[in-house]
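Here the structure is laid out as structure tokens; the discussion comes afterwards.
Numbering (mature numbering (1 follows the signal peptide of the UniProt record, and there is no 0)), first residue to last: -25 to -1, 1 to 514.
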């Protein structure tokens, strides 16, 4: 009897050990602990307060693989509440982890919160940044690189290495003073400079004859930039998760909140070359330089900086239309990107969003369809889950511009899960705009000048436009996107230009289904922070 029982027991032990070994061999979880502090650095030569993550500025880079589960504990050692948001990470069925004030309570000083999310079916170059107050003006940002799974091919030879370039405008002024400026009803001054990876000058090293990927993100607050490399061309291969037709460019416009990936071959005589990022659509042009260094070089960079485009809106819009989907390539999954025929699906509704800059109670605000968003002390996601009244109304913003007087509200627009919608960003101002939708990517089907009208649909690219998460809108122009609402939750639609977001150019899209199902949305996390009127409520 003992021998009979021992054999099944032994088999169970062996199987259990084997299963543990298999899990460890292909462990989909990555664990991180990040401590957020302030420190003093001189990015533009003047000592100032910056936000550090694990003592780093920019913060640590997240190098992960498609479908990895990220468990990231953020410890806030600042003297203000703090949140991180994950720019371009879709957070499938999981707006609980979005990291903006409409979905999460900020992490109090000397406290922590553990984010739990998955890089579900994504590849590409992204970044994270602080979503609270004006913390974005102090740093706290970093790169997110999502690499393909080993068995999923990419439509270009594997590069010999890659570089992450976080580029953006920068202020010497303390972020708290910048916030006071906005709170007083005034616009921010013009930025003081442009940083590449938190510095005014950095070097990227590579071997002659080899090809490297440059992952470029605009992490700035307000300005587009043009990127170029002296003596070298760039092959565009990926934009925010979409493999592209591999066009060759001398320079690229990258707008606030956007990310692109290019391949650069070190095929010139061995010396150092200038890398240049300069602001676009600004009266005063700010320029940052870095160095591309051949490892066998003995000559410093020399000669004039490579010049950027001399044409403004027309040149940039024309370039944007050349960004096309590679329909024969897969993305995060093995099926071709073009297998989803986005242009042959009937839309269920059209939403037109017009930005404006009204004075409300004598102070500058920014509005969407006449409504300037104000944050509630209770995250909308918690108010919705706990049925807390009086926090927001789904009738607080209209789906087309009204033309009436502007007002403030905690604005939410409700749409139905699995709708397929057309969104038109109408920019009647003389400034560049950049719009971002959390939790989603979307097809950017059209750009045009002047006023959008239904007949403009004839100009849409319904065959091979890109999916991306942030779309630029040129001055006195429009941009049209198509969105498949397949991700239930409360999602932030906002200006990526942080002054405009802070002063109200945002709202929340409530993607809703009456039937509660884990197939549509995950349950509230057990570690959720509560604040405002949600205090006393428990998951």
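Here a beta-carbon is modelled for each residue, glycine too, at the ideal position from N, C-alpha and C.
Cβ distance (whole Å) where residue i is taken to contact residue j below 8 Å
i: residue 89; j: residue 48; result: 4 Å
i: residue 385; j: residue 419; result: In fact, because the Cβ distance is near 28 Å, the residues do not count as touching under 8 Å.
i: residue 288; j: residue 449; result: 5 Å
i: residue 60; j: residue 106; result: 4 Å
i: residue 599; j: residue 247; result: Outside the modelled stretch of the chain, which goes from -25 to 514, sits residue 599, for which no answer is possible.
i: residue 112; j: residue 153; result: 5 Å
i: residue 262; j: residue 251; result: 6 Å
i: residue 32; j: residue 19; result: Not really, about 13 Å apart at Cβ, beyond 8 Å.
i: residue 234; j: residue 188; result: 12 Å between Cβ atoms; not a contact.
i: residue 304; j: residue 96; result: Rounded, the Cβ-Cβ distance is 15 Å, inconsistent with contact.
i: residue 509; j: residue 363; result: 7 Å
i: residue 387; j: residue 369; result: 5 Å
i: residue 135; j: residue 169; result: That belief does not hold up - the Cβ atoms of residue 135 and residue 169 are roughly 28 Å apart, past 8 Å.
i: residue 164; j: residue 218; result: Actually they do not touch by this definition, with Cβ atoms about 40 Å apart.
i: residue 345; j: residue 377; result: 5 Å
i: residue 70; j: residue 258; result: Contact doesn't hold; Cβ gap of about 39 Å is too wide.
i: residue 488; j: residue 392; result: 4 Å
i: residue 203; j: residue 279; result: Going by Cβ atoms, the distance from residue 203 to residue 279 rounds to 12 Å, so no, they are not a contact pair.
i: residue 222; j: residue 184; result: Their Cβ separation, rounded to whole angstroms, is 23 Å, which puts residue 222 and residue 184 out of contact at 8 Å.
i: residue 516; j: residue 472; result: One cannot answer for residue 516 here, as it falls past the ends of the chain, which runs -25 to 514.
i: residue 141; j: residue 118; result: 6 Å
Residue range of the beta strand (DSSP E) that includes residue i
i: residue 418; result: 417 to 424
i: residue 38; result: 37 to 40
i: residue 24; result: 23 to 28
i: residue 216; result: Residue 216 -> no beta strand (DSSP E), and no H or E assigned at all.
i: residue 6; result: 4 to 16
i: residue 446; result: 445 to 448
i: residue 60; result: 59 to 62
i: residue 495; result: Per DSSP, residue 495 belongs to no beta strand (DSSP E) and is neither H nor E.
i: residue 554; result: Because residue 554 is not part of the residues shown, which for the chain are -25 to 514, the question remains open.
i: residue 229; result: 226 to 229
i: residue 268; result: 262 to 269
i: residue 411; result: 408 to 412
i: residue 517; result: Outside the displayed range of the chain (-25 to 514) lies residue 517, so it cannot be described from this structure.
i: residue 251; result: 247 to 254
First through last residue of the alpha helix (DSSP H) which encompasses residue i
i: residue 177; result: Premise fails: residue 177 is in no alpha helix (DSSP H) and is neither H nor E.
i: residue 292; result: 288 to 295
i: residue 355; result: 355 to 360
i: residue 473; result: 473 to 477
Per DSSP, the bridge partner or partners of residue i
i: residue 388; result: 370 and 484
i: residue 330; result: 343 and 402
i: residue 427; result: For residue 427, which the question treats as bridged, DSSP gives no partner whatsoever.
i: residue 335; result: 338
i: residue 311; result: 305
i: residue 31; result: 28
i: residue 45; result: 5 and 92
i: residue 240; result: 186
i: residue 433; result: DSSP output for residue 433 lists no bridge partner at all.
i: residue 207; result: 204
i: residue 102; result: 62 and 118
i: residue 383; result: 347
Same chain, Cβ closer than 7 Å to residue i, five either side skipped, listed in chain order
i: residue 430; result: none
i: residue 456; result: 398, 417, 418, 419, 420 and 446
i: residue 147; result: 19, 21, 23 and 167
i: residue 317; result: 418 and 457
i: residue 14; result: 25 and 27
i: residue 462; result: 65, 67, 68, 414, 415 and 486
i: residue 494; result: none
i: residue 360; result: 499
i: residue -2; result: With a pLDDT of 40 at residue -2, under the threshold of 50, the modelled position of this residue cannot be trusted; read the value that follows with caution. Here the set comprises nothing.
i: residue 406; result: 450
i: residue 292; result: 422 and 449
i: residue 54; result: 84
Own chain partners of residue i with C-beta closer than 6 Å, once the 5 adjacent residues on each side are dropped
i: residue 274; result: 246
i: residue 207; result: 239
i: residue 201; result: 226, 228, 253, 255 and 283
i: residue 209; result: 224, 237 and 239
i: residue 104; result: 111 and 116
i: residue 353; result: 366, 507, 508 and 509
i: residue 264; result: 249 and 251
i: residue 440; result: 418, 419 and 420
Heavy atom of the ligand GDP within 7 Å of residue i beta-carbon
i: residue 149; result: In terms of ligand content, the structure shown is empty, and the ligand GDP therefore cannot be addressed.
8 Å CB neighbourhood of residue i in its chain, flanking five on each side removed
i: residue 337; result: 160
i: residue -4; result: The predicted model places residue -4 with a pLDDT of 34, which falls under 50 and marks its position as unreliable; any figure quoted below should be read in that light. Cβ neighbours of residue -4 beyond the five flanking positions: none.
i: residue 40; result: 94, 121, 122, 123 and 124
i: residue 470; result: 330, 341, 408, 409, 410, 411, 476, 480 and 481
i: residue 213; result: 98, 99, 100, 219, 235 and 236
(request) Quick one: which unbroken alpha helix (DSSP H) runs of 4-plus residues sit fully inside the segment 115 to 187? Chain order, please. (result) 150 to 158
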